[in-house]
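Protein chains in written order, with full-length UniProt numbering: chain A, 1 to 252; chain B, 1 to 252. A virtual CB, placed ideally from N, CA and C, is assigned to each residue, including glycine. Read the structure below first, then the notes.
2 protein chains.
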Amino acid sequence: MANPLFRKLSDANTLNDADRDILDKVIARQRTVAARRDVISAGDRPKDVHLVIEGFACRYKLLPDGQRQIVAILVPGDFCDLHVAILGEMDHGIATLSNCTIVEIPPATVDDLTMNHPRITRSLWWATLVDEAILREWVTNLGRRPADRHIAHLMCELYLRLKAVGLVIDHTFELPLTQQELADAIGISIVHANRMLSDLRDRGLVTFQGRRVRIADFDALMAFADFDPAYLHLVPRTENGLQRDLADRGSH
Amino acid sequence: MANPLFRKLSDANTLNDADRDILDKVIARQRTVAARRDVISAGDRPKDVHLVIEGFACRYKLLPDGQRQIVAILVPGDFCDLHVAILGEMDHGIATLSNCTIVEIPPATVDDLTMNHPRITRSLWWATLVDEAILREWVTNLGRRPADRHIAHLMCELYLRLKAVGLVIDHTFELPLTQQELADAIGISIVHANRMLSDLRDRGLVTFQGRRVRIADFDALMAFADFDPAYLHLVPRTENGLQRDLADRGSH
DNA sequence: CGCAAGATTGATAAAGATCAAGCCGGGTGG
DNA sequence: CCACCCGGCTTGATCTTTATCAATCTTGCG
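As structure tokens, this is what we get:
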């Protein structure tokens with residue numbers, strides 16, 4: 001996949017070929033990070049902005065008793081720390097879940113984007129606001145949805161987010177999470193995660209084959225999870241864009 | 001309180017008297033909203049940006065079975081929907097918890113700020129990023145902290161946020177939440193909320209007198225809640241700013 | 001082959017939800 | 001002035017969800 005950043009941004013924002021060229025240059029400086037390593041640790045003051053190009057990562061918080069809460073899952077095209085400069089230091093860590101390709105963007109490049117490329121700036125804003133919307137949905141999931149529906153909801157979310165960057169193939173996507181990591185994202189114990197997962201399997205809603213997730217009937221899963229994709233704000237400029245997108249989902 | 005927006009922003013960002021004048025003008029157009037009314041409903045596309053000047057409000061999501069999750073508590077100085085324009089429609093509602101004074105800021109004013117007032121723009125960015133940091137902490141609270149500590153953590157957070165806008169007086173602050181509303185924020189049932197609240201009272205950590213919360217020993221409450229104020233990014237330009245701020249807390 | 005990490009299962013305990021009353025205080029209408 | 005009514009608070013009993021503890025199984029891999 002050439003440029004997941006461009007793909008993601010242009011999916012819901014109007015960007016042109018010139019913008020694509022610029023974003024291609026932005027992601028030129030890549031490096032790889034092995035699975036289960038910190039990309040940025042809590043307390044860091046990173047100079048460069050980091051972006052996931054390939055692989056999965058997560059934001060997480062550690063509690064004094066050693067528990068961990070994953071507060072976001074980062075997929076290709078997601079920023080780790082756009083705008084840390086403004087906040088100063090990281091209040092959480094970012095770790096890879098799989099082998100990852102990470103891009104480091106020097107502050108000068110970010111400044112150039114915000115000063116000279118309003119369309120891109122606006123779409124970066126959009127990405128930030130969607131991240132926030134996802135967090136609100138996670139709060140709702142944690143507060144009010146039982147564990148099985150919560151997991152189902154997360155699978156719906158990842159399905160659409162990964163679809164936006166072309167990583168859903170034939171109703172399946174890669175998801176290199178151990179059950180412990182899933183439990184840390186859902187806020188439950190690993191034992192409970194295991195049981196809820198096998199419930200979902202038994203219901204035929206989600207199947208896990210190795211590191212791949214298969215969602216045979218997305219509508220059924222959405223219904224079970226009470227999933228409303230509105231919060232992802234994927235709707236492009238046209239009114240019926242989402243309908244198209246959703247109708248399209250079986251055809252890939 | 002004259003201008004909670006200026007107070008909040010200048011607490012962690014460098015702003016001068018000229019900025020204050022501009023922000024005073026920004027909040028000129030005020031209106032009042034009665035308690036327990038929607039300021040903005042899910043699905044709205046508000047033209048103006050809304051800001052709480054006085055009173056308490058909340059962001060919330062409704063589930064199909066009628067359950068509610070409060071995903072943020074808004075206090076004076078907090079924006080309801082800075083930048084909705086970019087996302088299009090609201091994916092959640094905003095309701096008052098008490099009688100509120102709300103400001104409506106026309107898009108032209110926001111544009112003027114972002115184009116002509118870089119210091120203010122930066123501090124608005126800061127406010128947005130802090131909102132996101134608060135959401136991450138809420139995710140952690142919901143996922144990994146038991147209800148009593150979760151409530152204690154929220155009280156610590158509100159204590160510091162309200163202190164930043166001058167609303168903590170003599171170790172107390174107003175909090176016009178019913179137990180049902182608190183339960184909706186913490187993600188528990190009202191019965192459990194009631195029991196955890198009386199536990200906190202019994203431990204002497206938090207006392208509730210009418211609509212006022214008293215935190216006699218903030219250090220003890222922080223310790224109980226495992227509260228680390230770093231995520232609020234209140235630290236001003238100086239290194240020991242937070243220390244000053246925290247040391248100051250008993251003296252008001 | 002044998003190990004280690006991860007997945008699974010069973011038994012039991014704790015946290016929290018639900019159901020059902022009762023209480024308390026402030027406002028309202030007679 | 002008082003009865004009563006209603007929203008919100010409190011309490012007890014019981015049920016459900018989830019956590020914890022403790023094995024055991026499975027599988028990829030050196």
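Could you have a look at residue i and say whether DSSP puts it in helix, strand or coil?
i	result
B/F79	strand
B/E104	strand
A/G93	strand
A/A72	strand
B/V39	strand
B/A12	helix
A/L51	strand
B/T178	coil
A/I169	strand
A/A34	coil
B/R119	helix
B/V213	strand
A/F208	strand
B/F6	helix
B/R203	helix
B/G143	helix
B/P46	coil
B/D228	coil
A/S98	coil
A/R29	coil
B/I186	helix
A/V110	helix
A/T128	helix
A/S251	With a pLDDT of 41 at A/S251, under the threshold of 50, the modelled position of that residue is not reliable, and the figure given next carries that caveat. Coil, per DSSP.
B/F56	coil
A/N240	Caution is warranted here: a pLDDT of 43 is assigned to A/N240, below 50, making its placement in the model unreliable, and no coordinate value can be reported.
B/L234	coil
So, residue i versus residue j, is the Cβ gap smaller than 8 Å?
i	j	result
A/E132	A/T101	no
A/Q179	A/L154	no
A/Q30	A/V103	yes
A/L97	A/P46	no
B/A164	B/A225	no
A/P76	A/V39	no
B/R145	B/A95	no
A/F79	A/V33	no
A/A143	B/L142	Note that residue 143 of chain A is Gly in the sequence shown, not Ala. Yes, they are a contact pair.
B/R201	B/E174	no
B/R214	B/T172	yes
A/A85	A/L74	no
A/L160	A/P106	no
B/R7	B/G187	no
A/W125	A/A12	no
B/N3	B/D21	no
B/W138	A/V139	yes
Below 8 Å on the Cβ atoms is my guess for residue i versus residue j; work out the distance and round it to an integer in Å.
i	j	result
A/K61	A/H92	5 Å
A/T14	A/R136	The Cβ separation is near 25 Å, so there is no contact.
A/S123	A/L9	4 Å
A/V26	B/G88	25 Å between Cβ atoms; not a contact.
B/H233	B/V130	5 Å
A/C156	A/M115	That belief does not hold up - the Cβ atoms of A/C156 and A/M115 are roughly 38 Å apart, past 8 Å.
A/D219	A/R68	About 33 Å; that fails the 8 Å criterion.
B/A147	B/H117	The Cβ separation is near 43 Å, so there is no contact.
Provide the residue(s) that pair with residue i in DSSP beta bridges, ordered along the chain.
i	result
B/C156	Answer by DSSP bridge pairing: none, since B/C156 is not bridged.
B/K61	B/Q69
Subject >> Within 8 Å of chain A by C-beta, residues of the region 121-143 of chain B in sequence order >> reply: R122, W125, W126, T128, L129, V130, D131, E132, A133, L135, R136, E137, W138, V139, T140, L142 and G143
**OP:** Determine which residues of the UniProt domain "HTH crp-type" (145-219) of chain A have a Cβ less than 7 Å from any Cβ of chain B, and write them out in chain order.
**Re:** G187
Subject >> Contact set between the region 63-80 of chain A and chain B, restricted to residues whose Cβ is under 9 Å from the partner >> reply: L63, P64, D65, Q67, R68, Q69, I70, V71 and A72
Original post:
Listed from N- to C-terminal order along the chain, which residues in the region 43-59 of chain B have their beta-carbon within a distance smaller than 9 Å of any beta-carbon of chain A?
Top reply: Residues G43 and R59.
Original post:
If you measure beta-carbon to beta-carbon, which residues of the region 88-99 of chain A are closer than 7 Å to chain B?
Top reply: G88, D91 and H92
Subject >> Residues, ordered as in the chain, of the region 223-235 of chain A that lie near chain B by beta-carbon distance below 9 Å >> reply: So the close ones are D226, D228, A230, Y231, L232, H233 and V235.
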